[in-house]
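> What the sequence shown shows, in this note's numbering, is residues 102 to 234, in sequence order. Before I ask anything, let me first share the structure, which is written out below as structure tokens.
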Amino acid sequence: MSHPLIMPMAAHVALAALLYVMLTVARAPAIWGIGRRPDGSNPWGRIEPRISANLSNQFEWPLFFYAACLILLQSGTSRFSLVLAWIFVIGRVLHSLVQILTTNIRLRGLVFTINFVAVLGLWAIVVLVALQN
């Protein structure tokens, strides 16, 4: 049986893959001319930079998520760490939606806090497990 932390990790990878697809579609009019408006403009021109920025964000704070999960894969985990991992993934999805679909920086910051706290919780578990050994 696979480790339960693999699924939230795979879900985040799937989110990143989806963002790559979205970015490719959003850039297609400018790069390949596919989907250009009659005037030659890109219908995704306003949203493309937000998709790109969000995709970059998937390689910043999530690094700490993966590090904690990999350590917990080796040292053992609890239901609480699995819950925190899924909270992180749900928070990343919400963060992506807010960053791509809105320009509301305050809301984006609030949603990011979900991810931030979940990863801090995972690291607290990592440290507690390390202190017990």
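Here a beta-carbon is modelled for each residue, glycine too, at the ideal position from N, C-alpha and C.
(1) Starting from Pro144 and walking both ways along the alpha helix (DSSP H), at which residues does that stretch end?
(2) Grab the span of the alpha helix (DSSP H) containing His196 for me, first residue to last.
(3) Pairs of beta-carbons, one from the region 130-137 and one from the region 156-172, closer than 8 Å: are there three or more?
(4) Which class does Arg42 belong to by DSSP, given the choice of helix, strand or coil?
(5) Please list the terminal residues of the continuous alpha helix (DSSP H) segment that includes Ser176.
(6) In whole angstroms, what separates the C-alpha of Ala117 from that of Ser153?
(7) Identify, in the order they occur along the chain, each residue of the same chain with its Cβ nearer than 8 Å to the Cβ of Leu173, setting aside the five sequence neighbours on each side.
(8) Can you tell me whether Asn234 is helix, strand or coil according to DSSP?
(9) Please report the distance separating the alpha-carbon of Asn216 from that of Cys170.
(10) Does the beta-carbon distance from Leu120 to Asn155 come in below 8 Å?
(11) If we ignore side chains and look at the alpha-carbon of each, how far apart do Pro139 and Ser176 end up?
(12) Alpha carbon to alpha carbon, what distance is there between Ala112 and Leu232?
(13) Assign Pro163 to buried or exposed, taking buried as 16 or more other Cβ atoms, counted over all protein chains shown, within 10 Å of its Cβ.
Quick look at the numbers:
(1) Unbroken run through Pro144: none, as it is neither H nor E.
(2) 180-202 is the span of the alpha helix (DSSP H), which, as asked, contains His196.
(3) When C-beta atoms of the region 130-137 are compared with those of the region 156-172, fewer than three pairs fall below 8 Å, so the two segments do not count as touching.
(4) In the structure as shown, the chain starts at 102 and stops at 234, and residue 42 therefore has no counterpart that could be examined.
(5) Start and end: 163-176.
(6) For Ala117 and Ser153, the distance between alpha carbons rounds to 11 Å.
(7) Hits under 8 Å: Leu106, Ser182, Leu223, Ile226, Val227, Val230.
(8) Here Asn234 sits in coil by DSSP.
(9) When rounded, the distance between both Cα atoms is 14 Å.
(10) Yes, the pair counts as a contact, with Cβ atoms nearer than the cut-off.
(11) For the pair Pro139 and Ser176, the Cα-to-Cα distance works out to about 58 Å.
(12) Cα-Cα distance, rounded: 30 Å.
(13) That one is buried.
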